[in-house]
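Below is one structure, written out as structure tokens; the observations come after it.
Protein chains in written order, with this note's numbering: chain X, 1 to 128; chain B, 1001 to 1128.
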């Protein structure tokens, strides 16, 4: 797959998340997907995302930087949102915070099979 | 520049860091380089790295994953090291910890001009 095609698929995935269109998630995420080493599969991956949107009602994924090197996508995501209660163990309690996530994805047959994500927790701490 | 050439330059940069060969750092880092939005320049960048090696005597950069999409490199670095005293505000005090850094670099004329780095602080906390 070309790097442009893979980047387009990834942008479709992010649009699917932002639309919370969970019925289409299986077009982008493999049945056996792993997230940070956890063998979530598609079902567990969906549960994680639904929970994210419940905990962060104004969650929106913004792609700040994208590197496409098939079968890998690396993306810097930027968030500007208000997590309820505790977030990453921090007492955010609905405060608006800005932070980044630098994340790698491995694709197979056009679907995400592995995710390695790091969220900038220090940036959130600095805003509390 | 081809993606292979840029990846080779990046591997040369990491080898330079691991050798602590600061006299060669200017081959890889631009005079006006920025790190997480801080306008360090080459001199400030070198100070940051020298300090890292002072604070973490067994520091070694290991590339776990590399995506090359010129002018960007995205790299997942893996560390297995023993920071002295406080590290990222955490009382590590010489304990051996394992953690990742997901980091993006923008290159211009073969040199790093921008770095966007996120270190997995939560992984370190979980080991203390």
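Cβ atoms here follow ideal geometry from the backbone N, Cα and C, with glycine treated the same way.
None of the values given here were measured: they were computed from a predicted structure.
Per DSSP, the continuous beta strand (DSSP E) segment holding residue 119 of chain X begins and ends at 111-119. As computed with DSSP, residue 60 of chain X is found in no beta bridge at all. When beta bridges are read from the DSSP output, residue 66 of chain X appears opposite X:75. When CB distances to chain X are screened at a threshold of 8 Å, the residues of the segment 1078-1105 of chain B falling below it are 1088, 1089, 1100, 1101, 1102, 1103, 1104, in chain order. At a C-beta separation below 9 Å, residue 1042 of chain B has no neighbours in chain X, since its nearest C-beta there lies roughly 22 Å away.
The C-alpha of residue 1013 of chain B is placed about 11 Å away from the C-alpha of residue 1063 of chain B. Contact between residue 1103 of chain B and residue 102 of chain X holds, with the beta-carbon distance rounding to 7 Å and staying under 8 Å. The beta carbon of residue 2 of chain X sits closer than 8 Å to the beta carbons of 70 from its chain, once the five residues preceding and following it are set aside; these are given in chain order. Rounded to the nearest angstrom, the gap between the Cα atoms of residue 107 of chain X and residue 1074 of chain B is 16 Å. Assignment of beta strand (DSSP E) within the segment 1010-1057 of chain B, counting only whole runs of 3 or more residues, yields 1029-1035 in chain order.
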